[in-house]
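Enquirer: Shown below is the structure under consideration.
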Amino acid sequence: MGWDAFGLPAENYAIAHKVHPADATAKNIKRFKTQMMAAGLSYDWSRELSTADPAYYQWTQWMFVQMFHRGLAYKAEKPITWCPSCKTTLANEDLENGKCERCHSQVERRLMKEWMIKITDYAERLLDEVRLLEWPESVKEMQRNWIGRSEGYEFDFRIEHRHELLRVFTTRLDTLYGVTFVVLAPEHPLVEAITAPEQREKVKHYVRVVTNKTDLDREAQKEKTGVFTGAYAIHPATKERIPIWIAEYVMMNYGTGAVMGVPAHDERDFEFAKRFDLPVKEVVSEQGIPRGSLDRAYVAKGILVHSGPFDRLPAHEAAAKIAQFIGAHPAVKYRLEDWEFARQRYWGEPFPLVFCPECEKRVRRGETKCRGKAYSKGELQNPGWIGVAEAQLPVKLPNVKSYAPTGTGESPLAAMKAWVKTRCPKCGGAAQRETDTMPQWAGSCWYYIGFALGRQKLKLKPSQAKLFWDRKALKYWLPVNFYVGGVEHATRHLIYARFWHKFLYDIGVMPSKEPFAKLVNQGLILGPDNEKMSKSRGNVINPDEVIKQYGADTLRMYEMFMGPLEATKPWDTQGIIGIHRFLNRLYALFEEATRKRKPSGKKMGERPTSSEPGTKQRINQALHRAIKKVGDDILALRFNTAISTLMELQNVISISHHKLSARDMRSMMKTMLILVFPFAPHLASELWSSVEKTLIEKQRWPKYSTVLVAEQRVTYAVQVNGKLRDTLAARADASEDEVVARARAGAKIASWLAGKKVRHTIFVKGKIVNFVV
RNA sequence: GCCUGGGUGGCGGAAUGGUUUACGCGCAAGACUCAAAAUCUUGUGAGAGCAAUCUCAUGUGGGUCCGAAUCCCACCCCAGGCACCA
Numbered sequence: 074m075g076w077d078a079f080g081l082p083a084e085n086y087a088i089a090h091k092v093h094p095a096d097a098t099a100k101n102i103k104r105f106k107t108q109m110m111a112a113g114l115s116y117d118w119s120r121e122l123s124t125a126d127p128a129y130y131q132w133t134q135w136m137f138v139q140m141f142h143r144g145l146a147y148k149a150e151k152p153i154t155w156c157p158s159c160k161t162t163l164a165n166e167d168l169e170n171g172k173c174e175r176c177h178s179q180v181e182r183r184l185m186k187e188w189m190i191k192i193t194d195y196a197e198r199l200l201d202e203v204r205l206l207e208w209p210e211s212v213k214e215m216q217r218n219w220i221g222r223s224e225g226y227e228f229d230f231r232i233e234h235r236h237e238l239l240r241v242f243t244t245r246l247d248t249l250y251g252v253t254f255v256v257l258a259p260e261h262p263l264v265e266a267i268t269a270p271e272q273r274e275k276v277k278h279y280v281r282v283v284t285n286k287t288d289l290d291r292e293a294q295k296e297k298t299g300v301f302t303g304a305y306a307i308h309p310a311t312k313e314r315i316p317i318w319i320a321e322y323v324m325m326n327y328g329t330g331a332v333m334g335v336p337a338h339d340e341r342d343f344e345f346a347k348r349f350d351l352p353v354k355e356v357v358s359e360q361g362i363p364r365g366s367l368d369r370a371y372v373a374k375g376i377l378v379h380s381g382p383f384d385r386l387p388a389h390e391a392a393a394k395i396a397q398f399i400g401a402h403p404a405v406k407y408r409l410e411d412w413e414f415a416r417q418r419y420w421g422e423p424f425p426l427v428f429c430p431e432c433e434k435r436v437r438r439g440e441t442k443c444r445g446k447a448y449s450k451g452e453l454q455n456p457g458w459i460g461v462a463e464a465q466l467p468v469k470l471p472n473v474k475s476y477a478p479t480g481t482g483e484s485p486l487a488a489m490k491a492w493v494k495t496r497c498p499k500c501g502g503a504a505q506r507e508t509d510t511m512p513q514w515a516g517s518c519w520y521y522i523g524f525a526l527g528r529q530k531l532k533l534k535p536s537q538a539k540l541f542w543d544r545k546a547l548k549y550w551l552p553v554n555f556y557v558g559g560v561e562h563a564t565r566h567l568i569y570a571r572f573w574h575k576f577l578y579d580i581g582v583m584p585s586k587e588p589f590a591k592l593v594n595q596g597l598i599l600g601p602d603n604e605k606m607s608k609s610r611g612n613v614i615n616p617d618e619v620i621k622q623y624g625a626d627t628l629r630m631y632e633m634f635m636g637p638l639e640a641t642k643p644w645d646t647q648g649i650i651g652i653h654r655f656l657n658r659l660y661a662l663f664e665e666a667t668r669k670r671k672p673s674g675k676k677m678g679e680r681p682t683s684s685e686p687g688t689k690q691r692i693n694q695a696l697h698r699a700i701k702k703v704g705d706d707i708l709a710l711r712f713n714t715a716i717s718t719l720m721e722l723q724n725v726i727s728i729s730h731h732k733l734s735a736r737d738m739r740s741m742m743k744t745m746l747i748l749v750f751p752f753a754p755h756l757a758s759e760l761w762s763s764v765e766k767t768l769i770e771k772q773r774w775p776k777y778s779t780v781l782v783a784e785q786r787v788t789y790a791v792q793v794n795g796k797l798r799d800t801l802a803a804r805a806d807a808s809e810d811e812v813v814a815r816a817r818a819g820a821k822i823a824s825w826l827a828g829k830k831v832r833h834t835i836f837v838k839g840k841i842v843n844f845v846v
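Here my numbering runs 73 ahead of the position in the first sequence, where the first position is 1.
See the structure below:
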């Protein structure tokens, strides 16, 4: 078990309850642990870890600093998501429908300079290597959509009277001759430079209005809006003058932030052209014959028309030829953006980075080393930022009195002058620590590696990294064979962790390419009202209460019995009694079997000295089928049907067990206990230990007899024209002729067949006879 | 709008081409009890019938097949994801 203890969830809780996050976290861990132990969850507690433990987060810092040195982390001014309630920047992945996933506040965009991780460098591999994963198709698809690859071309428009070039990305270069305008995102860096003096006021006003909108407002905007810049681009093929507009429907964070407007063949461009009365020029049609006028965009691919030398070419061929003609080059774009990695909050891993003004000057002067120590790629790309040396890790999170977020864009750590002030690891000069902290995802990106390596390894110093990366252990344990987790991680933790793992693979410390080989999403248990459990709804089922009322075994077993593991299903307060009854009957049955107690209810005679053979055979068969079915079901994670099978077995035993000898009954019940043990370990081991000195968990899973499991007598369904008219009991090995003859002879069937001609007879061994008349 | 799941009794669900509704809950009747709870027994898809039995039923409509909850086509509804992605 690992405690993902840093980050917003823990800190927001601490603030709400006016306790220090470290204390709140410690208290909650203790409570969770008590609950888990009460439920009998058998984790290997010797490998327990917490992401907020310095022994753990020193390695998180070590990994980050490796990324930094290799140029994967950068500080750049960008419009970043800001949550006004959590008072911190957030990553795209932290949003849910444009709102903060933690507190559901409406977020804003703020121009800020924060640490970003170049996860986009890994976009291609994150996408491609999804194929290596045995994951639910839905999650794989969510990841593919999140990464969002699209292939197209990039090319530049010349701008009339200016030397700058305007780069656009398109997936439909075949529609180039249909371009009647160009659109820039309002935040596009060229907007100010190219805007004509007479349009300046209008453009400024528009940009201000649009950039003040929240993302949600911008999404809600249905009508197209925009404004003409007064500038013109030159069409690369026809050399026509093309008006340049800006509009909020073009996003700065995708592609190049500029698009070619082809109203005839793009729905959005069509809408925009209609709104602002721009020309619509048809250049693709289904059969190569122009329609003349379009009442909506024709977006399908087709044959080119009105496209100069490219007329009559099919789309794909045309795109390649046009690219050659105008000098466009193939390009791939991703929806995935770089990972906003800084939080202006207290409760997180401090960055292992310092800012050194002297080193900044040296790097800016073009020096590549300082006192004989070379600057890393990351240090050269981020002038002044220096990675903390391995020997100085961890950078411990200082204890503060005032941990509440400030809202100023600086974390509470910035107020800790003594902590902030430090020496540059490169030049020894005065330097300042980075005061932002890492997001809660950082620690959870590699906790499974922590489990694999064990606690002793975590306690090593980062300067002993070579010892830390125990290749043998990593090869033995990883990739994780089987990961059970909620689907809410699909485009968050599971993207980040895959990236993190691939980075560790690249630097040679991790032997596998992917962290989690097989994934299953367990369904959410809803409240009895079929809604997500929440305090405010008052529909929370507290496991402590359930355990108090029914015991831990009933709780565990009922959770498994409710339905398939993957299904989301409501807690049924009444349904749990069924499991409780099952366990009580098992207890009573076992007591009877071991003769510790007189059977309750009906008077029952002594057990016979030897079992009644038919009964013994019947019960034994049921037992062996259960051994097979329960075993198979557990491996296939079908716990609900495994439990049904145990109930069926118990029903068979309880009907006629009094015809079994004490010895037989006892031995069968002991086997059943082993089957029950994974589901109800407390009761099973209690009963086991009442008759055995061994431990039930040390027992081997029973073997079933294939002879007993095989059906000896079967019931045939007898149909006439596919409709069930009779059933027929027969030996499993009875021949077709025999079964068909007997089926035909049955009184019911005879009457259905009377006066009709049987055209043919279908026989499926062990299952069915069907007379077609 | 696009993508991914899913739709079976009063309820949770079982069955992935062969007796639809296993198992459990609930409900009804009975036993035990002064009574209740607990426990045990029996019954329980819908409709018709005294009954044997028959007809209908797996979101809707069509198709394939001796036979469809299951395979194919079209549509409807529910849940989740993405969404002005050029």
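All residues carry an ideal CB built from backbone N, CA and C; glycine is no exception.
What does DSSP give as the partner residue(s) for Pro403 in the beta ladder?
Expert: For the purposes of this step, residue 403 is identified with residue 330 of the first sequence, where counting begins at 1. Answer is Tyr226.
Enquirer: Is it the case that the Cβ atoms of Lys191 and Val203 are separated by a distance below 8 Å?
Expert: In the first sequence, residue 191 corresponds to position 118, counting from 1. In the first sequence, residue 203 corresponds to position 130, counting from 1. No, these two residues do not count as a Cβ contact at 8 Å.
Enquirer: Please classify Pro643: is it buried, with 16 or more other beta-carbons within 10 angstroms of its beta-carbon, or exposed?
Expert: As a working mapping, residue 643 is identified with position 570 in the first sequence. Counting Cβ neighbours within 10 Å, Pro643 comes out buried, since at least 16 surround it.
Enquirer: Secondary structure at Cys432, three-state DSSP: helix, strand or coil?
Expert: Counted from its first residue, the first sequence places residue 432 at position 359. Helix, per DSSP.
Enquirer: May I ask you to list the residues that DSSP assigns as paired with Cys156?
Expert: As a position in the first sequence, residue 156 is number 83, starting the count at 1. DSSP, once it has assigned bridges, lists Thr161 as partnering Cys156.
Enquirer: If Val427 and Pro498 are in contact, beta carbons under 8 Å, what's the gap, nearest whole angstrom?
Expert: Your numbering for residue 427 matches position 354 in the first sequence. Your numbering for residue 498 matches position 425 in the first sequence. Right, the Cβ-Cβ distance comes to about 7 Å (below 8 Å), so this counts as a contact.
Enquirer: I need the boundaries of the alpha helix (DSSP H) containing Glu260, first residue and last residue.
Expert: Here residue 260 refers to the residue found at position 187 of the first sequence. Where Glu260 is concerned, there is no enclosing alpha helix (DSSP H), given that its DSSP letter is neither H nor E.
Enquirer: Can you pull the DSSP bridge partners for Lys548?
Expert: Numbered from its first residue, the first sequence carries residue 548 at position 475. Answer is none; Lys548 lacks a bridge partner.
Enquirer: Is Val138 helix, strand or coil by DSSP?
Expert: Translated into positions along the first sequence, residue 138 becomes position 65. In the structure shown, Val138 sits in a helix (DSSP, three-state: H, G or I).
Enquirer: Helix, strand or coil: which one does DSSP assign to Trp458?
Expert: Locating residue 458 in the first sequence gives position 385, where the first residue counts as 1. In the structure shown, Trp458 sits in a strand (DSSP, three-state: E or B).
Enquirer: With H, G and I counted as helix, E and B as strand and the rest as coil, what does DSSP make of Asp411?
Expert: As a working mapping, residue 411 is identified with position 338 in the first sequence. Here Asp411 sits in coil by DSSP.
Enquirer: For Asn170 versus Thr154, is the C-beta spacing smaller than 8 Å?
Expert: Locating residue 170 in the first sequence gives position 97, where the first residue counts as 1. Locating residue 154 in the first sequence gives position 81, where the first residue counts as 1. No.
Enquirer: Identify whether Asp799 lies in helix, strand or coil by the three-state DSSP scheme.
Expert: Locating residue 799 in the first sequence gives position 726, where the first residue counts as 1. The answer is strand: DSSP assigns Asp799 an E or B state.
Enquirer: Tyr520 lies in the beta strand (DSSP E); which residues open and close that run?
Expert: Walking along the first sequence from the start, residue 520 turns up at place 447. Taken as a continuous stretch (DSSP letters only), Tyr520 belongs to no beta strand (DSSP E), being part of the alpha helix (DSSP H) at 520-526.
Enquirer: Under 7 Å Cβ to Cβ from Asp411, same chain only, skipping five residues before and after it: list those, please.
Expert: As a working mapping, residue 411 is identified with position 338 in the first sequence. Here the set comprises Met189, Ile190, Lys191, Ile192, Thr193.
Enquirer: For Met74, name the three-state secondary structure that DSSP assigns.
Expert: Here residue 74 refers to the residue found at position 1 when the first sequence is read from its first residue. Met74: coil per DSSP, three-state reduction.
Enquirer: Could you check which residue in Asp247, Val92, Lys494, Thr800 has the C-alpha nearest to that of Ala820?
Expert: For the purposes of this step, residue 820 is taken as residue 747 along the first sequence, with counting starting at 1. For the residues Asp247, Val92, Lys494, Thr800, the minimum Cα distance to Ala820 belongs to Thr800.
Enquirer: Please list, in chain order, all residues of the same chain as Val582 whose beta carbon is under 6 Å from its beta carbon, the five residues on each side excluded.
Expert: Locating residue 582 in the first sequence gives position 509, counting from the first residue. Contacts found: Trp542.
Enquirer: State the Cα-Cα distance for the pair Pro82 and Arg175, rounded to the nearest angstrom.
Expert: Here residue 82 is taken as the residue at index 9 of the first sequence, counted from 1. Here residue 175 is taken as the residue at index 102 of the first sequence, counted from 1. So the two alpha carbons sit approximately 7 Å from each other.
Enquirer: Since His847 is in the beta strand (DSSP E), which residue starts that stretch and which ends it?
Expert: In the structure as shown, the chain starts at 74 and stops at 846, and residue 847 therefore has no counterpart that could be examined.
Enquirer: Could you please give me the residues that DSSP links to Val787 through a beta bridge?
Expert: Position 714 of the first sequence, counted from the start, is the residue given in the question as residue 787. In DSSP, Val787 forms a bridge with Ala803.
Enquirer: Can you list, in chain order, the residues of its chain with a C-beta nearer than 6 Å to that of Val332? Leave out the 5 residues immediately preceding and following it.
Expert: On the first sequence, residue 332 is found 259 positions in, with the first residue counted as 1. Taken in chain order, the residues that qualify are Val241, Val256, Val323.
Enquirer: Is Leu377 helix, strand or coil by DSSP?
Expert: Residue mapping note: residue 377 aligns to position 304 of the first sequence, counting from 1. Strand at Leu377.
Enquirer: Quick check on this structure: which residue in Thr682, Pro754, Thr779, Val780 has the alpha carbon closest to the alpha carbon of Ile769?
Expert: Counted from its first residue, the first sequence places residue 769 at position 696. With distances taken between Cα atoms, Ile769 lies closest to Pro754.
Enquirer: Would Phe79 and Gly523 qualify as a contact pair, given that the criterion is a beta-carbon distance under 8 Å?
Expert: Translated into positions along the first sequence, residue 79 becomes position 6. Translated into positions along the first sequence, residue 523 becomes position 450. No; because the gap between Cβ atoms is not below 8 Å, this pair is not in contact.
Enquirer: With H, G and I counted as helix, E and B as strand and the rest as coil, what does DSSP make of Asp706?
Expert: Taking the first sequence and counting its residues from 1, one reaches residue 706 at position 633. It is helical.
Enquirer: Going by CA-CA distance only, name the one from Ala304, Glu784, Glu639 that's closest to Ile598.
Expert: By 1-based counting over the first sequence, the position of residue 598 is 525. Checking every option, the nearest Cα to that of Ile598 belongs to Glu639.
Enquirer: Less than 8 Å between the C-beta atoms of Ser763 and Thr667, yes or no?
Expert: Position 690 of the first sequence, counted from the start, is the residue given in the question as residue 763. Position 594 of the first sequence, counted from the start, is the residue given in the question as residue 667. Yes, the Cβ-Cβ distance between Ser763 and Thr667 is below 8 Å.
Enquirer: Note down the Cα distance separating Val280 from Cys156, rounded to an integer number of angstroms.
Expert: On the first sequence, residue 280 is found 207 positions in, with the first residue counted as 1. On the first sequence, residue 156 is found 83 positions in, with the first residue counted as 1. Each residue's Cα considered, the two are about 22 Å apart.
Enquirer: Could you work out which residue in Arg235, Ser683, Glu463, Glu721 is closest to Gln694 when comparing CA atoms only?
Expert: Residue 694 sits at position 621 when you count from the first residue of the first sequence. If we check each option's Cα against that of Gln694, Glu721 comes out closest.
Enquirer: For the structure I just gave you, are there three or more beta carbon pairs, one from the stretch 242-256 and one from the stretch 333-340, closer than 8 Å?
Expert: Judged by Cβ distances under 8 Å, the stretch 242-256 makes contact with the stretch 333-340, as three or more pairs qualify.
Enquirer: Give me, in chain order, the residues of the same chain whose beta-carbon lies closer than 8 Å to that of Leu797; leave out the 5 immediate sequence neighbours on both sides.
Expert: In the first sequence, the residue the question calls residue 797 occupies position 724. Cβ within range, chain order: Ala790, Val791.
Enquirer: Quick one: which unbroken alpha helix (DSSP H) runs of 4-plus residues sit fully inside the stretch 526-600? Chain order, please.
Expert: Whole alpha helix (DSSP H) segments, 4+ residues: 528-531, 538-541, 544-550, 566-579.
Enquirer: Out of Leu199, Pro152, Tyr195, state which residue places its alpha-carbon closest to the alpha-carbon of Arg183.
Expert: In the first sequence, residue 183 corresponds to position 110, counting from 1. Checked all of Leu199, Pro152, Tyr195; the closest Cα to Arg183 is Pro152.
Enquirer: Nearest to Arg691 by CA position, among Tyr623, Arg786, Ile614, Gly624, is which residue?
Expert: Stepping through the first sequence from its first residue, residue 691 is reached at position 618. Nearest of Tyr623, Arg786, Ile614, Gly624 to Arg691, Cα basis: Arg786.
Enquirer: Excluding five sequence neighbours on each side, which residues of the same chain lie with their C-beta closer than 8 Å to the C-beta of Ser475?
Expert: Position 402 of the first sequence, counting from 1, holds the residue named residue 475. Answer for Ser475: Pro485, Ala488, listed in chain order.
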